[in-house]
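The opening residue of the sequence shown carries number 11 in the numbering used here; numbering runs sequentially from there. In this text, a Cβ means the ideal position worked out from N, Cα and C, and glycines have one as well. Since we're looking at a predicted model, the values are computed, not measured. Here is the structure we will look at, set down as structure tokens.
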Amino acid sequence: MSETPWWNAERHADRRPILLARNRTRRAIGDWLEARDFIEVDPCALQISPGNEAHLHAFTTTAIGNDGLPHPMYLHTSPEFAMKKLLAAGERRIFAFAHVWRNRERGSRHSPEFTMLEWYRVGEDYTVLMADCAAMLRLAAEAAGVRLFRYRGIDCDPFAAPERLSVAEAFARHAGIDLLATCRGAETDAGALRAQCRAAGIKVGDDDTWSLMLSKVLVEKVEPHLGHGRATILDRYPAAEAALARPAPDDDRVAERFELYACGVELANGFGELTDAAEQRHRFELEMEEKARIYGERYPIDEDFLAALAQMPAASGIALGFDRLVMLATSAPRIEDVLWTPVADPAQNGCSTR
Numbered sequence: 011m012s013e014t015p016w017w018n019a020e021r022h023a024d025r026r027p028i029l030l031a032r033n034r035t036r037r038a039i040g041d042w043l044e045a046r047d048f049i050e051v052d053p054c055a056l057q058i059s060p061g062n063e064a065h066l067h068a069f070t071t072t073a074i075g076n077d078g079l080p081h082p083m084y085l086h087t088s089p090e091f092a093m094k095k096l097l098a099a100g101e102r103r104i105f106a107f108a109h110v111w112r113n114r115e116r117g118s119r120h121s122p123e124f125t126m127l128e129w130y131r132v133g134e135d136y137t138v139l140m141a142d143c144a145a146m147l148r149l150a151a152e153a154a155g156v157r158l159f160r161y162r163g164i165d166c167d168p169f170a171a172p173e174r175l176s177v178a179e180a181f182a183r184h185a186g187i188d189l190l191a192t193c194r195g196a197e198t199d200a201g202a203l204r205a206q207c208r209a210a211g212i213k214v215g216d217d218d219t220w221s222l223m224l225s226k227v228l229v230e231k232v233e234p235h236l237g238h239g240r241a242t243i244l245d246r247y248p249a250a251e252a253a254l255a256r257p258a259p260d261d262d263r264v265a266e267r268f269e270l271y272a273c274g275v276e277l278a279n280g281f282g283e284l285t286d287a288a289e290q291r292h293r294f295e296l297e298m299e300e301k302a303r304i305y306g307e308r309y310p311i312d313e314d315f316l317a318a319l320a321q322m323p324a325a326s327g328i329a330l331g332f333d334r335l336v337m338l339a340t341s342a343p344r345i346e347d348v349l350w351t352p353v354a355d356p357a358q359n360g361c362s363t364r
């Protein structure tokens, strides 16, 4: 028997308090940012390139130009490229609540279309973004009228100072793996990581890449322990897993990248932004080679973005999954519970029941 559709009046009445809390949270965060001289911007979603990360999948469409010819276009997976062009144009503090699209993603914490809160600070260290994240947690809790975030039986105090630990520390603590021993700068040793994974009881294949094995350890051994009691900032990602971040000045094996977790849920991804256009092109090309190898497709590189990157000042930037933040603040079990109009599921004959 099918569940009640989200547009049923009684179902909507049940969802409405959560949706109003979503609105309050959005206003509170926007007011907080504007009080600190951030300008809200509205990046367009239709782009030449949706992004160049191997494991992100875009929605593709076709634009008919004034020449009458078809041209491939994409719905962006992040507003990053457009927002960095604005930094090159002279903006210094900007933010956007942007609708973004990611294909092949649907589940309790994933929607094909969702809202990403992204903000940038020119001339400021990426650690400042960590303090911003702590403020976002507090603002969401206050807007929802709660003292604790709760998800699947895990509590997190949004008013407590977040724990900060490096990826290497987390791997050692929760998996018994010496991750940096498998890295030489941005180069990695898959064999060395494979041996450590097997010793830790993690099933990995003979052909698994270093990146895939890192992901398995993160998902199976590390993420379940993050954000319990208080939020966790997982800092200093390996350079090989930080295609858009600056290398750390003290260790070329790691980069200025962190992720924010609460209740075991990833909420945000922050960077000290890479501004070396030649290095960025090289990283994009490597990512697209990997995408072609695994998925048989690749996305174009936005040449305008690389040209703008060469003029972009030093900056830090972060993307936060706004819907997930609202989920935790309202104890909603699924992302669709916090969306005003959930995306229809074509596998269910176009229906969405949430």
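A distance of 8 angstroms or more separates the beta carbons of G61 and E50. In this structure, the beta-carbon distance from A329 to M140 does not fall below 8 angstroms.
If you check the CB distance, L296 and C143 do not come in under 8 angstroms.
By the CB criterion at 8 angstroms, L228 and L254 fall outside the cutoff. F91: member of the alpha helix (DSSP H) spanning 90 to 99, first to last residue. A258 is the residue among A258, V275, P352 whose C-alpha sits nearest the C-alpha of R267. Straight-line measurement puts the Cα of W16 at about 26 angstroms from the Cα of C273. Around A302, the same chain offers R308 as residues with beta carbons nearer than 8 angstroms, after the five sequence neighbours per side are excluded. Closest option to A92, judged by alpha-carbon separation, among S59, R46, D167: S59. For D167, the enclosing beta strand (DSSP E) starts and ends at 164 to 167. A Cβ-Cβ contact shorter than 8 angstroms links A38 with A153.
Judged by DSSP in its simplified three-state form, V229 adopts helix.
Linking R291 to A250 through their CA atoms gives a straight-line distance of about 15 angstroms. Of all C-beta pairs linking the segment 71 to 79 to the segment 313 to 324, fewer than three are shorter than 8 angstroms, placing the two stretches out of contact. For L277, the closest of L236, I304, G117 by C-alpha to C-alpha distance is L236. Shown here, R160 sits in a strand according to DSSP, grouped into three states. Per DSSP, D245 is one residue of the beta strand (DSSP E) stretching across 242 to 245. Here DSSP, grouped into helix, strand and coil, assigns Q321 to coil.
Between V336 and A31 a beta carbon distance of about 7 angstroms is seen, short of the 8 angstroms cut, so the two are scored as contacting. Taking 8 angstroms as the cut-off, the beta carbon of V348 is found no closer than this to the beta carbon of P122. Where W42 is concerned, the enclosing alpha helix (DSSP H) starts and stops at 19 to 44. E289 and L319 have their C-alpha atoms spaced approximately 11 angstroms apart. Around the beta carbon of T192, 16 or more other beta carbons lie within 10 angstroms, which makes this residue buried. Where T137 is concerned, the enclosing alpha helix (DSSP H) starts and stops at 137 to 154.
With a threshold of 16 other beta carbon atoms within 10 Å, W350 falls short and is exposed. Secondary structure note for T71: its beta strand (DSSP E) is the uninterrupted segment 69 to 74. Between R116 and D355, the alpha-carbon positions lie close to 9 angstroms from each other. In the assembly as shown, V232 is a buried residue. Its beta-carbon has 16 or more other beta-carbons within 10 Å. DSSP places T14 in the coil class of the three-state scheme, outside both helix and strand. Using a 10 angstroms sphere on the CB of T14, the tally of other CB atoms stays under 16, which defines it as exposed. Between the segment 163 to 180 and the segment 63 to 70 there are fewer than three C-beta pairs closer than 8 angstroms, too few to call the two in contact. Residue environment: C54 is assigned as exposed (fewer than 16 neighbouring CB atoms within 10 Å of its CB, all protein chains considered).
At a Cβ-Cβ threshold of 8 angstroms, P89 and E44 do not count as neighbours. Excluding five sequence positions before and after A150, the CB atoms of its chain that fall closer than 6 angstroms to its own CB belong to T35, L335, A339, given in chain order.
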